[in-house]
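Undergrad: Residues 16 to 272, numbered by my numbering, are exactly what the sequence shown covers, in order. Ideal placement from N, C-alpha and C gives every residue a C-beta, glycine not left out. Computed from a predicted model, the values in this text were never measured in an experiment.
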Amino acid sequence: MIHLKNEDQINKIRKACHITADMFNELIPKIKAGQTTKEIDKMFEDYILAHGGKPAWWREDYPGSVCISINNEVIHGLPSKKRVLKEGDLVSLDVGIDLDGYISDTTHSVEIGKVPPKVKKLHEVTIECLNAGIAACKVGNRISDIANAVYDIASKHGYGVVYDYCGHGVGIDVHEDPSVPNCPFRGANPRIKAGMVLAIEPMINLGTADVEVLDDGWTVVTCDGEVSCHEEHTVAVFEDHTEVLTDLNYCGKSVLK
């Protein structure tokens, strides 16, 4: 069931999202080679708790505050004292804040030092896919319009578009209806309505679209070992515009008409 949010609920979700954006702006410059993923997780957790929230993933018993996925890891990489960032890595940081019961959800991939040109291009195209998906998210369109916008750009570059995992509704719970795929699909395809709050999140691979879950039960990796990139924003749909709630430049710049 799709939960359409009212103005008060969106205001509270927006507050959680703006704290999330501020957090990324402050902490991304501090991420560098030589750090362990556990150190990064602690850095984000401390920020969230200091600003009155809780890591949203704790609701789902995830053993960390941030999903930290490196190179061929697509999503849900586990923080570890043994995993050390190195020059040339592409690291995706998937973070949500639970602020008094209202949820944000966003992901940004970070290049550690100088990454290979093909990885930098993948990162640029994944951001382009996200922006195209957001532009297609407006009243009267369908969820498939978001999916097709993402897929068309990624496939044009010969990339694999992950189909086993997708975006979703968000705001009251971490994962809500509707599902928001990144590629053509069959099944429920609701119209986009005012009051929807969605997490749009392309997961784009250099190689195959196929993925598998490691024995830890969480980490999803590409089947061919190629690098994957993940970018995500939480957006709120209004009758006449769509607002990117987690925009890192949200002050006056987060509204798409």
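Go ahead and label arginine 29 buried or exposed: buried means 16 or more other beta carbons lie within 10 angstroms of its beta carbon, across all protein chains shown.
TA: Counting Cβ neighbours within 10 Å, arginine 29 comes out buried, since at least 16 surround it.
Undergrad: Since asparagine 220 sits in a beta bridge, which residues does DSSP pair it with?
TA: Gly175 and Ser243, per the DSSP bridge assignment.
Undergrad: Rounded to the nearest angstrom, what separates glutamate 227 and cysteine 238 at their Cα positions?
TA: Between glutamate 227 and cysteine 238, the C-alpha separation is close to 6 Å.
Undergrad: Just the Cα atoms here: how many angstroms apart are aspartate 192 and aspartate 255?
TA: Each residue's alpha carbon lies about 22 Å from the other.
Undergrad: Please list, in chain order, all residues of the same chain as alanine 150 whose beta carbon is under 6 Å from its beta carbon, the five residues on each side excluded.
TA: Closer than 6 Å at the Cβ level, and outside the excluded window around alanine 150, lies no residue.
Undergrad: With DSSP as the reference, label glycine 92 as helix, strand or coil.
TA: If DSSP states are grouped into helix, strand and coil, glycine 92 belongs with coil.
Undergrad: Using DSSP with H/G/I as helix, E/B as strand and the rest coil, what is lysine 138?
TA: At residue 138 the sequence reads histidine, which differs from the lysine that was named. Note: histidine 138 maps to helix in three-state DSSP.
Undergrad: When you compare the segment 194–208 with the segment 163–173, are there three or more beta-carbon pairs, one atom per stretch, that lie closer than 8 Å?
TA: Yes, they touch.
Undergrad: Can you tell me where the alpha helix (DSSP H) holding aspartate 37 begins and where it ends?
TA: Note, aspartate 37: alpha helix (DSSP H), 22–42.
Undergrad: Quick check: the Cα distance between threonine 257 and isoleucine 46, rounded to an integer number of angstroms?
TA: Spanning the two alpha carbons is a distance of roughly 31 Å.
Undergrad: Span of the beta strand (DSSP E) holding threonine 52?
TA: Taken as a continuous stretch (DSSP letters only), threonine 52 belongs to no beta strand (DSSP E), being part of the alpha helix (DSSP H) at 52–65.
Undergrad: Check whether the Cβ atoms of leucine 114 and alanine 48 lie closer than 8 Å to each other.
TA: In this structure, alanine 48 does not lie closer than 8 Å to leucine 114 by Cβ.
Undergrad: Taking one C-beta from the segment 210–220 and one from the segment 136–153 each time, how about it: are there three or more such pairs within less than 8 Å?
TA: With the cut-off at 8 Å, the segment 210–220 and the segment 136–153 touch.
Undergrad: State the Cα-Cα distance for the pair valine 270 and alanine 251, rounded to the nearest angstrom.
TA: Confidence is the limiting factor: at valine 270 the pLDDT is only 41, short of 50, which leaves the residue's position unreliable, though a coordinate-based value still follows. Each residue's alpha carbon lies about 10 Å from the other.
Undergrad: What does a CB cutoff of less than 7 Å around asparagine 87 pick up in its chain, not counting 5 residues either side in sequence?
TA: Around asparagine 87: Val236, Thr237, Gly240, Glu241, Val242 and Ser243.
Undergrad: Indicate the three-state DSSP secondary structure (helix, strand or coil) for aspartate 120 in the structure shown.
TA: Note: aspartate 120 maps to coil in three-state DSSP.
Undergrad: Would you report the Cα separation of asparagine 21 and glycine 128, rounded to the nearest angstrom?
TA: If you take the alpha carbons of asparagine 21 and glycine 128, they lie about 43 Å apart.
Undergrad: Given this structure, state the Cα-to-Cα distance separating histidine 172 from glycine 186, to the nearest angstrom.
TA: The alpha-carbon atoms of histidine 172 and glycine 186 are separated by roughly 33 Å.
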